[in-house]
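**Student:** In my numbering, the protein residues as written are 115 to 316. Don't be surprised by glycine CBs; every beta carbon is placed ideally from N, CA and C.
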Amino acid sequence: MSTRARTHHRTARLALVVPLAAAALVAGCAPDPAPAPTPTALSPSVTPTSLLPAPAPSPTQPAEMSRDDETGAAAAGTFFITQLYPYTVSSQDTASWDKFSAEICSFCKSLKSSVVAEKAANQQTRPGAISIKSQKLGIIDPLRYRIDLEVSQEADVTYSSDGLVAGGRPARTIGLAVLVVRNPGQWRIGGIQVLTVNGVAQ
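1. So, using beta-carbon positions, are T192 and I246 closer together than 7 Å?
2. Starting from the Cα of P173, find the closest Cα among D182, T208, T239 and give me that residue.
3. Could you tell me which of G242, I303, P298, G304 sits nearest to K288, measuring between CA atoms?
4. What residues are listed by DSSP as bridge partners for D270?
5. From the DSSP output, in three-state form, read off D255 for me.
6. Between T202 and L225, which are expected to be in contact by the criterion C-beta below 8 Å, what is the C-beta distance as a whole number of angstroms?
7. In whole angstroms, what separates the C-alpha of R283 from that of Q267?
8. Under 6 Å from any heavy atom of the ligand ATP, does the C-beta of T239 make it?
9. Could you tell me the boundaries of the beta strand (DSSP E) in which G304 lies?
10. Between which residues of its own chain and M197 is the CB-CB distance below 6 Å, once the five residues before and five after are set aside?
11. Determine the burial state of D255: buried for a count of at least 16 other Cβ atoms within 10 Å of its Cβ, exposed for fewer.
12. Which ranges does the alpha helix (DSSP H) cover as unbroken runs of at least 4 residues, wholly within the region 192-250, from first to last along the chain?
13. Thinking F221 and G305 are a contact (beta carbons under 8 Å), I'd like their distance in whole angstroms, please.
14. Measuring straight from C-alpha to C-alpha, what distance separates A190 and G281?
15. Out of curiosity, what's the CA-to-CA distance linking L251 and Q307?
16. Could you give the distance in angstroms between the alpha-carbon of L293 and the alpha-carbon of I261?
17. For V324, count neighbouring Cβ atoms within 10 angstroms of its own Cβ and tell me buried if that reaches 16, exposed if not.
18. Once DSSP output is grouped into helix, strand and coil, what is the label at A170?
19. Check G277 in the structure and name its three-state DSSP category.
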């Protein structure tokens, strides 16, 4: 697979999300955000890895997500970024991602395409763990909320089909906007946009 092709299918991962990855949040609460910028890949490794790190664990919805109010929306935003995104990228299982993606979510579609392309190339990414540093919730209407998050993400590592470290991204702090929508009867991702990376506007 060419360098150009590998770079193309990584653009949807968060600069995280990006991934984590790979993503795709909502500028001014717009439901159709642009994908995250392409990160600079790390130099390839010449040392084979005997065992790839395990994928992120299967996501577990918090009980608060059953609520249809601000508490439920906030819990959904945290769940999408800290659990669902890392699991989808690292496991390459997009079933749960599809379940929680709203039809309007461009980032959701881009991330899925990125994961599918990486799987077809026999590559795997292990996105760094994501932790929430701050969270600000804004209501658009009773069924839509914008959540501004500042998150810390540990380094990503991408492995080639032969077990070599093919690239990755260093640890970083990311500002995100997440649109969550209640439709139908559950919270879904309406959009994701990277606002800042290490304090620099994107």
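**Tutor:** Straight from the coordinates:
1. Position 78 of the sequence shown, counting from 1, holds the residue named residue 192. Position 132 of the sequence shown, counting from 1, holds the residue named residue 246. Yes. Within cutoff.
2. The residue you call residue 173 lines up with position 59 of the sequence shown. For P173, the nearest C-alpha among the options comes from T208.
3. As a working note, residue 288 is residue 174 in the sequence shown. For the record, residue 288 in the displayed sequence is Ile; it is not Lys. Of the candidates G242, I303, P298, G304, the one whose C-alpha sits nearest the C-alpha of I288 is G242.
4. In the sequence shown, counting from the first residue as 1, residue 270 sits at position 156. According to DSSP, which records beta bridges pairwise, D270 is partnered with R283.
5. As a first step, residue 255 must be located in the sequence shown, where it is residue number 141. Of the three classes helix, strand and coil, the one that applies to D255 here is strand, per DSSP.
6. Walking along the sequence shown from the start, residue 202 turns up at place 88. Walking along the sequence shown from the start, residue 225 turns up at place 111. That belief holds up - the Cβ atoms of T202 and L225 are roughly 7 Å apart, short of 8 Å.
7. Along the sequence shown, one-based indexing puts residue 283 at 169. Along the sequence shown, one-based indexing puts residue 267 at 153. The straight-line gap from Cα to Cα measures roughly 10 Å.
8. By its list of ligands, the structure shown contains no ligand whatsoever, and the ligand ATP lies outside what it can speak to.
9. Along the sequence shown, read from residue 1 onward, the residue named residue 304 stands at position 190. Where G304 is concerned, the enclosing beta strand (DSSP E) stretches over 301-311.
10. Counting from one through the sequence shown, the residue named residue 197 turns up at place 83. Residue identity check: residue 197 is Gln in the sequence provided, not Met. Only P173 meet the Cβ criterion.
11. Position 141 of the sequence shown, counted from the first residue, corresponds to residue 255. So D255 ends up on the exposed side.
12. 199-205, 209-214, 220-234
13. In the sequence shown, residue 221 corresponds to position 107, counting from 1. In the sequence shown, residue 305 corresponds to position 191, counting from 1. Indeed they touch by this definition, with Cβ atoms about 6 Å apart.
14. Here residue 190 refers to the residue found at position 76 when the sequence shown is read from its first residue. Here residue 281 refers to the residue found at position 167 when the sequence shown is read from its first residue. Spanning the two alpha carbons is a distance of roughly 30 Å.
15. Start at 1 with the first residue of the sequence shown, and residue 251 comes out as number 137. Start at 1 with the first residue of the sequence shown, and residue 307 comes out as number 193. The alpha-carbon atoms of L251 and Q307 are separated by roughly 15 Å.
16. If you number the sequence shown from 1, residue 293 lands on position 179. If you number the sequence shown from 1, residue 261 lands on position 147. If you take the alpha carbons of L293 and I261, they lie about 6 Å apart.
17. Residue 324 lies beyond the residue range present for the chain, which begins at 115 and ends at 316; the question has no answer from this structure.
18. Against the sequence shown, residue 170 aligns to sequence position 56. Note: A170 maps to coil in three-state DSSP.
19. One-based indexing of the sequence shown puts residue 277 at position 163. In the structure shown, G277 sits in coil (DSSP, three-state: anything other than H, G, I, E or B).
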